[in-house]
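K.L.:
I have a structure here, written as structure tokens, and I will follow up with some questions on it.
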Amino acid sequence: MNTLFEKSIRTLELPVVLEMLASLAVSDAAKEKCRGLSPVCQLEEAVRLQEETQSARERLGLYGSPSFSGVKDVSRALNRADHGGVLNTRELLDVADLLTASRRVAEYDRDRQGEKTVLDHLFSALHTNKFLEDKIRGAILDEETIADSASPELADIRRKMRLAASKGRQILQRIISSPSYAKVLQEALITQRDGRFVVPVKAECKGSIPGLVHDISSSGATLFVEPMGVVQANNELKELQAREEKEIDRILRILSGECAAQMMNILYDYDILVHLDVIFARGQLSYRMNAAKPILARRGGIVLRRARHPLLDQAKAVPISLELGNSYDTLVITGPNTGGKTVTLKTIGLLTLMAQCGLQIPADDGCRLRVFDRVLADVGDEQSIEQSLSTFSAHMSNTVEILRQADENSLLLFDELGAGTDPVEGAALAIAIIQNGRSKGSLIAATTHYAEMKTFAMTTAGVENASCEFDVATLRPTYRLLIGIPGKSNAFAISRRLGLDEEVIAAAKAQMDSESIRFEDVLTQLEEKRQRLEKAQAEADRLWQQSQEDARKARTFREQMEKAKENARSKGENEARRIVRQAQQQVDEIFAELDELRRKMQQQADFQAINDAKVSARKHMNAAQEALHLREETPEPETPSRPIAAGDRVELPGVRTAATVVQVNGDGSLVLQAGKMKMTAKPGQVRLIEGQPQVKKQAAAPKTGPAPSLHLERRASSELDIRGYETLEAESVVENYLDAAVMAKLETVTIIHGKGTGALRKAVHEILRRSKAVKSFRLGRYGEGEAGVTVVELK
């Protein structure tokens, strides 16, 4: 890069943009690389840089930025370690920080999911060494502290050091706590001198505590004495401290050797991380400027769409749109001072340089830029007192050098070309310079106030006028760039608005030749026509937009109607299908119900036959059981030979339980007792056990003898019929029956209580719930008596 190109880069303020870029980088090396960026002149390289920036911007939007903290230059430390040197704790921690950054950036890429990009090879080239990273961090807690866990030897040494220090402090603590030494000590405290524990002793009492004097206070009143009892502990501590330092040096040497072994990988990772840091800084700058990726080419022209100067306030900057190098290769920009001519010139040059540095440009999508070998600019005040150059001389020196270096791959930018000398000669020189640059194939943009330049642009093929719009009513520039229209300087209008006397303005106009006045009048008329055309164009655009909007609404309405029509047809078809499906489903359900009814009827008939057979079989079985009991166990019922009286023994039929008549009530009912239970029964419900002598009321059992136990027969039927019983009567009968059934080891019994009002059934169920002998119970099924019986399963 030659001196003039570098000077043009500074003139166009690229270093200011690069400083903005450096502020977004993290590592110091990346900041320096950002400040040192220079435009590349190879199309492939420029395209690659743009692809990197675009990929970084996309990743920033989706996943955020990777962490580049801890990326530091460790090359000097590693080179020293490679030559056998020992790194200190700070240098080793810097290596660990770099390894951590490398690992995190690699993990950032692994977490990403998407298409391959130009950055993938950089992420995949990183070497991660978590083993060395953890080893360094596990051994070094901070710059001043080596962890006990760094090695078993260090942990053992420090344990012994704590014991030795504790031993010495204990001895000293006894000394300063002893009342006998209270008058000897200057203060009751323990301190250190030369790394040894001592106590402050009064100078006049130095012989009271035998020991070694390590220091004397400035006044000489205090001696710092190490008592003899502590000397051994302090000596041991000193030896352990020396061993500790030696072990720490050994640990650092081992870690330094491992870092040296990985030097190439670590330095390679460092270079990649710095490069990625710069790339992601470019992506962040693109976000900040709301920039877009330009299309780059080696040939063709420049196309800028709503481009903004990156150093202006993006919220206030007026965007410009222009083309250069397609239908015309030279752009002559005219207009009043402070109208934006120089900013337009700098915008063209600066955006071109930014694109060739890999930076996206603050403009809309679709911009096109050429990759130039040189961007040469003569912009601003070049007056130099030191070199005794006037403004014209300084500009002309630059212009001479620019024309010497210009070729077909150059972009030439001239500000106020030919200014600073006689207007006629200056205009002629300006036209000649532009023609010379065009003959070399360069693209040219120049600003001027010369009317001759405007005429030259209007009459020369390949040269186009442009102007920066100025609002005469407000005396303020609008900063809009108008292509194809020459601008006016508006000196008279500005002067009049600022209060210059009309006579002076008239005299100034009189000094102008007729051609200049006529040309200015033509420009005025062109400007008025342009404004009218712009208003008409704006109105036409508004009407066109309205017609487009109306057409869009009509299309939308037609599409909605078609869609509604289609939806209605689809809805009707769907409804018809739904009705058919529903009817089919109902028919299927009816047929299924008919099949089920047919099957149930068949099953009912089968069940009825089975139940009838079960009932018949059960009746036959019960009759057989009753006959068996009657034949084997039960004598023929006999009519009692006498009325039943108190003291008689009777038996409850079906229960086979013997009981004693305790009392005969007035209504003829009997109060019976079987064991500890009492019950009431009618005379017809019991059978008198004949052959038992009538017990007389006065013949009570002797009080001293044991009460005679009633014999409870262990025979019970599998059914108990209590229909007609009162609730209270039924309770005692059921409880006795359950006891007899358990004694008879019956598993299942049936209690017949009838349906009736359900009170007897409820009472039976309450008894069964309370009884511990009952495992479960249920109502009878069809053929078993249903709700009229309860089937009980005993434990």
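FYI, our numbering numbers position 214 of the sequence shown as 207, with every residue one higher than the one before it. All C-beta atoms, glycine included, are put in the ideal place defined by N, C-alpha and C.
#1: Can you list the alpha helix (DSSP H) stretches of 4 or more residues lying completely in the segment 36 to 95, in chain order?
#2: Is the number of C-beta pairs between the segment 220 to 238 and the segment 153 to 160 that are closer than 8 Å three or more?
#3: Is K65 buried or exposed, if buried means 16 or more other CB atoms sit within 10 Å of its CB?
#4: Looking at C-beta atoms only, is the number of pairs between the segment 80 to 89 and the segment 303 to 313 that lie closer than 8 Å three or more?
#5: Should I583 be labelled buried (16 or more other beta-carbon atoms within 10 Å of its own) or exposed?
#6: In the segment 707 to 740, which residue ranges form an unbroken beta strand (DSSP E) of at least 3 residues, counting only runs that do not cross its ends?
#7: Looking at C-alpha atoms only, which residue of I715, L587, K738, M736 is the closest neighbour of V727?
#8: On the three-state DSSP scale, how would you describe K748?
#9: Measure the alpha-carbon distance for L324 versus T440 and round it to whole angstroms.
#10: Please confirm whether L713 and I744 have their CB atoms less than 7 Å apart.
#11: Going by the CB atoms, is the gap between R363 and V296 shorter than 7 Å?
#12: At the level of alpha carbons, what is the spacing between F385 and H302?
#13: In chain order, which alpha helix (DSSP H) runs of at least 4 residues are fully inside the segment 242 to 307?
#14: Quick check: the Cα distance between D534 and V267, rounded to an integer number of angstroms?
#15: Mind checking which residues open and close the beta strand (DSSP E) that includes Q185?
#16: Below 8 Å on the Cβ atoms is my contact criterion, and I expect V372 with L410 to pass it. Report the Cβ-Cβ distance as a whole number of Å.
#17: According to the Cβ coordinates, are L147 and E240 closer than 7 Å?
#18: CB T790 to CB Q353, shorter than 7 Å?
#19: For I781, which residues in the same chain have their Cβ closer than 6 Å to its Cβ, ignoring the five residues on either side in sequence?
#20: Check for me: the beta strand (DSSP E) holding I326 runs from which residue to which?
#21: For T345, report the span of its beta strand (DSSP E) as first-last.
#22: Identify every run of the beta strand (DSSP E) within the segment 160 to 238, keeping only runs that are complete inside it and at least 3 residues long; order them along the chain.
#23: Between the Cα of E462 and the Cα atoms of V88, P479, E495, which residue gives the shortest distance?
#24: In three-state DSSP terms, what is F365?
#25: With respect to the beta strand (DSSP E) encompassing R771, which residues constitute its N-terminal and C-terminal limits?
#26: Are the beta-carbon atoms belonging to L(-3) and E445 less than 7 Å from one another?
#27: Taking contact to mean at least 3 C-beta pairs separated by less than 8 Å, is the segment 180 to 198 in contact with the segment 212 to 219?
#28: Could you tell me which residues DSSP pairs with I437 in its beta bridges?
#29: Let me know the secondary structure DSSP gives N658 once reduced to three states.
#30: Nearest to R642 by alpha carbon, out of N658, G659, P676?
#31: Ignore the nearest five residues each way along the sequence and tell me which others in S62's own chain have a CB closer than 7 Å to its CB.
#32: Assign D449 to one of two classes, buried (16 or more other C-beta atoms within 10 Å of its C-beta) or exposed (fewer than that).
#33: From C27 to I129, what distance separates their C-alpha atoms?
#34: For L787, which three-state DSSP category applies?
#35: Can you tell me where the beta strand (DSSP E) with Q353 in it begins and where it stops?
#36: Under 7 Å between the Cβ atoms of R591 and E644?
P.N.:
Reading from the atomic positions:
#1: 36 to 56, 68 to 75
#2: yes
#3: Position 72 of the sequence shown, counting from 1, holds the residue named residue 65. Buried: at least 16 other Cβ atoms inside 10 Å.
#4: no
#5: For the purposes of this step, residue 583 is taken as residue 590 along the sequence shown, with counting starting at 1. So I583 counts as exposed.
#6: 712 to 714
#7: The count along the sequence shown starts at 1 and reaches residue 727 at position 734. Comparing Cα positions, the closest option is I715.
#8: As a position in the sequence shown, residue 748 is number 755, starting the count at 1. Coil at K748, not helix or strand.
#9: Position 331 of the sequence shown, counted from the start, is the residue given in the question as residue 324. Position 447 of the sequence shown, counted from the start, is the residue given in the question as residue 440. Each residue's alpha carbon lies about 8 Å from the other.
#10: Against the sequence shown, residue 713 aligns to sequence position 720. Against the sequence shown, residue 744 aligns to sequence position 751. Taking 7 Å as the Cβ cut-off, L713 and I744 qualify as a contacting pair.
#11: Taking the sequence shown and counting its residues from 1, the one referred to as residue 296 is at position 303. Taking the sequence shown and counting its residues from 1, the one referred to as residue 363 is at position 370. No, the pair does not count as a contact, with Cβ atoms beyond the cut-off.
#12: As a working mapping, residue 385 is identified with position 392 in the sequence shown. As a working mapping, residue 302 is identified with position 309 in the sequence shown. Looking at the two C-alpha atoms, the distance is approximately 27 Å.
#13: 256 to 282
#14: For the purposes of this step, residue 534 is taken as the residue at position 541 of the sequence shown. For the purposes of this step, residue 267 is taken as the residue at position 274 of the sequence shown. D534 and V267: Cα-Cα distance of roughly 51 Å.
#15: Looking up residue 185 in the sequence shown gives position 192. That run of the beta strand (DSSP E) goes 184 to 186.
#16: Along the sequence shown, one-based indexing puts residue 372 at 379. Along the sequence shown, one-based indexing puts residue 410 at 417. Going by Cβ atoms, the distance from V372 to L410 rounds to 11 Å, so no, they are not a contact pair.
#17: Mapped onto the sequence shown, residue 147 falls at position 154. Mapped onto the sequence shown, residue 240 falls at position 247. Closer than 7 Å, so yes.
#18: As shown, the chain starts at -6 and ends at 788. That puts residue 790 outside it, with no answer to give.
#19: Sequence index remark: in the sequence shown, residue 781 carries index 788 (1-based). The sequence given here places Gly at residue 781; Ile does not occur at that position. The answer, listed in chain order, is G747, K748.
#20: In the sequence shown, the residue the question calls residue 326 occupies position 333. Here the beta strand (DSSP E) through I326 covers 323 to 327.
#21: Here residue 345 refers to the residue found at position 352 when the sequence shown is read from its first residue. Taken as a continuous stretch (DSSP letters only), T345 belongs to no beta strand (DSSP E), being part of the alpha helix (DSSP H) at 334 to 349.
#22: 184 to 186, 189 to 195, 204 to 209, 215 to 220
#23: In the sequence shown, counting from the first residue as 1, residue 462 sits at position 469. Minimum Cα distance to E462 is reached at P479.
#24: Translated into the one-based positions of the sequence shown, residue 365 becomes position 372. If DSSP states are grouped into helix, strand and coil, F365 belongs with coil.
#25: Counted from its first residue, the sequence shown places residue 771 at position 778. Residues 767 to 772.
#26: Against the sequence shown, residue -3 aligns to sequence position 4. Against the sequence shown, residue 445 aligns to sequence position 452. Contact: no.
#27: yes
#28: As a working mapping, residue 437 is identified with position 444 in the sequence shown. Looking at the DSSP assignment, I437 forms a beta bridge with T323, L405.
#29: Numbered from its first residue, the sequence shown carries residue 658 at position 665. In this structure, N658 counts as coil in the three-state DSSP scheme.
#30: Working through the sequence shown from its first residue, we reach residue 642 at position 649. R642 has its Cα closest to that of P676, out of N658, G659, P676.
#31: Position 69 of the sequence shown, counted from the first residue, corresponds to residue 62. Contacts found: V19, A94.
#32: As a working mapping, residue 449 is identified with position 456 in the sequence shown. Residue 449 is actually Phe in this sequence, not Asp. The residue in question, F449, is buried, as its Cβ has 16 or more Cβ neighbours within 10 Å.
#33: As a first step, residue 27 is located in the sequence shown; it is residue number 34 there, counting from the start. As a first step, residue 129 is located in the sequence shown; it is residue number 136 there, counting from the start. One C-alpha to the other measures close to 32 Å.
#34: Counted from its first residue, the sequence shown places residue 787 at position 794. Correct three-state label for L787: strand.
#35: Along the sequence shown, read from residue 1 onward, the residue named residue 353 stands at position 360. Counting along the chain, Q353 falls outside any beta strand (DSSP E), and DSSP gives it neither H nor E.
#36: Mapped onto the sequence shown, residue 591 falls at position 598. Mapped onto the sequence shown, residue 644 falls at position 651. No; because the gap between Cβ atoms is not below 7 Å, this pair is not in contact.
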